[in-house]
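Q: Input: one structure, supplied below.
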Amino acid sequence: LRSYLMPVNNLYPLPDLIEACKNYAEKTKRQITFEYILIKGLNDSLVYADKLANSILFI
1 LRSYLMPVNN LYPLPDLIEA CKNYAEKTKR QITFEYILIK GLNDSLVYAD
51 KLANSILFI
């Protein structure tokens, strides 16, 4: 779904982006803010919310 909504995902896959965020947070000791746009009927289910939460939980 991310590749469909954001073609940049082909250059920066989500696992790579999450790893880069972890590294940044560890090196700088700064908090990272994530923004998520809900699109009704496309990515607004609890399934997607759980996936997102699990992906960024330990950053």
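Quick note: the sequence shown uses full-length UniProt numbering, first residue 1, plus one each step. Glycine residues also receive a C-beta, built at the ideal position from the N, C-alpha and C atoms. This structure is a prediction, so every number in the text was calculated from the model and none was measured.
1. Hey, A20 and I59 are a contact pair by Cβ (cut 8 Å); roughly how many whole angstroms apart?
2. Could you pull the start and end residues of the alpha helix (DSSP H) that I39 belongs to?
3. Taking L5 as the reference, give the member of K22, I39, F34 with the closest Cα.
4. Anyone know if the C-beta pair for L1 and N54 falls short of 8 Å?
A: Inspection of the coordinates gives the following:
1. Contact between A20 and I59 does not hold, since the beta-carbon distance rounds to 10 Å and is not under 8 Å.
2. Counting along the chain, I39 falls outside any alpha helix (DSSP H), and DSSP gives it neither H nor E.
3. Ranking K22, I39, F34 by Cα distance to L5 puts I39 first.
4. If you check the CB distance, L1 and N54 do not come in under 8 Å.
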